[in-house]
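Q: One structure, pasted below without further comment.
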Amino acid sequence: MIEADNILEIEKKLRNIKIKYSLNEDYEIKWHTTYSKLGLTFEQYKK
Numbered sequence: 012m013i014e015a016d017n018i019l020e021i022e023k024k025l026r027n028i029k030i031k032y033s034l035n036e037d038y039e040i041k042w043h044t045t046y047s048k049l050g051l052t053f054e055q056y057k058k
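Read in order, the letters of the sequence shown are residues 12 to 58 in the working numbering.
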């Protein structure tokens, strides 16, 4: 979940990532985390 006050800044940063990697700015970006596949929590993964 994203707070409404942060959405414009997040969209700007995401757009810059798309430009950096020569992606169409209209494309949706999807990702997944690998720590869950390792049976770790996010805090464990960070350590």
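Glycine included, C-beta positions come from ideal geometry on N, C-alpha and C.
Return the first residue and the last residue of the alpha helix (DSSP H) that Lys-57 is part of.
A: 53 to 57 is the extent of the alpha helix (DSSP H) around Lys-57.
Q: Per DSSP, what kind of secondary structure is Lys-31 in: helix, strand or coil?
A: Reduced to three states, the DSSP call for Lys-31 is helix.
Q: Measuring straight from C-alpha to C-alpha, what distance separates Leu-34 and Leu-51?
A: In a straight line, the C-alpha of Leu-34 is about 31 Å away from that of Leu-51.
Q: Can you tell me which of the three DSSP states Leu-25 falls into?
A: Three-state result, Leu-25: helix.
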